[in-house]
Ligand SMILES: C[S@@+](CC[C@H](N)C(=O)[O-])C[C@H]1O[C@@H](n2cnc3c(N)ncnc32)[C@H](O)[C@@H]1O
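In this note's numbering, the protein residues as written are 5 to 266.
Structure below.
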């Protein structure tokens, strides 16, 4: 919803669609995955969790902000500093601070040439009505309720995630926790992570400006390919007609019979 270091906005469409009515993001950041589906018109109950106080302050502000609050935030030009805007609350400074120097893992005070604040403001105004019912919890992923949901799990990377204020102490503990989730589980990582048997997401993202050597290869784990099943997962509901169409018949059925089956 806002500019955030490591957000998934550019590649949110590459992840599987949410199969449950409730999405939980236990490493929420700016929640690009839930926002992507909300923008597609797919309405879901959304619970966001993040340990960062800055992220918590921003989300608590956004979840109760009105369109006029965002419209009234100052227009800024290169070189301006937020220190000169005494009327801004802490939350407003953090929110603007992430946009005025994109690429920084912490909110900044001075407006850089690369500022995305005006584009960010427009985007926030457009998406504000979509998040009215979302919930934010300031806390640790480990304390999330175990409930059936689509779990979009995007922790700091095992290699290269050290820019965040909070880190993962033990990825093996996180791996066991991931496997104890109920429902649909989507885990994000990047090469060369090894704490789950990840597969290639098929996307590379430029992680270092013009330096093509710094491209990042994204990885994903969703469980199925490893034969993992969530605890007490309900049986998939497959309609008979769908099942018949999906079966690989060999030799092919005569076309008239196939039509009748459909
Ligand atoms: C890669 S970012 C998530 C980006 C997010 N998917 C987005 O699209 O903006 C990882 C987030 O995990 C949070 N985090 C780190 N350790 C955590 C913990 N133990 N529990 C909950 N959140 C944590 C960080 O504050 C950071 O916001």
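A virtual CB, placed ideally from N, CA and C, is assigned to each residue, including glycine.
All values derive from a computational prediction rather than experimental measurement.
Straight through space, the alpha carbons of residue 95 and residue 87 are spaced by roughly 14 Å. In the three-state DSSP reduction, residue 150 falls in the coil class, being neither helix nor strand. Following the DSSP letters along the chain, one finds residue 195 in no alpha helix (DSSP H), marked with neither H nor E. Every alpha helix (DSSP H) stretch that sits fully inside the region 13 to 63 and reaches 4 residues is listed by chain position as 36 to 43.
Residue 84 and residue 111 have their C-alpha atoms spaced approximately 14 Å apart.
A straight-line Cα-Cα distance of about 7 Å links residue 140 and residue 64. Per the DSSP secondary-structure output, residue 189 pairs in a beta bridge with 155. Rounded to whole angstroms, the Cβ separation of residue 48 and residue 22 is 6 Å, and the two are in contact under 8 Å. In the DSSP assignment, residue 167 is bridged to no other residue.
Here residue 160 is not near residue 6, since their CB atoms are 9 Å or more apart. Across the structure, residue 13 and residue 35 are spaced so that their CA atoms are roughly 9 Å apart. About 15 Å separates the CB atoms of residue 27 and residue 131; that is not less than 8 Å, and the two are not in contact.
According to the DSSP assignment, residue 99 belongs to the alpha helix (DSSP H) that extends over 94 to 103.
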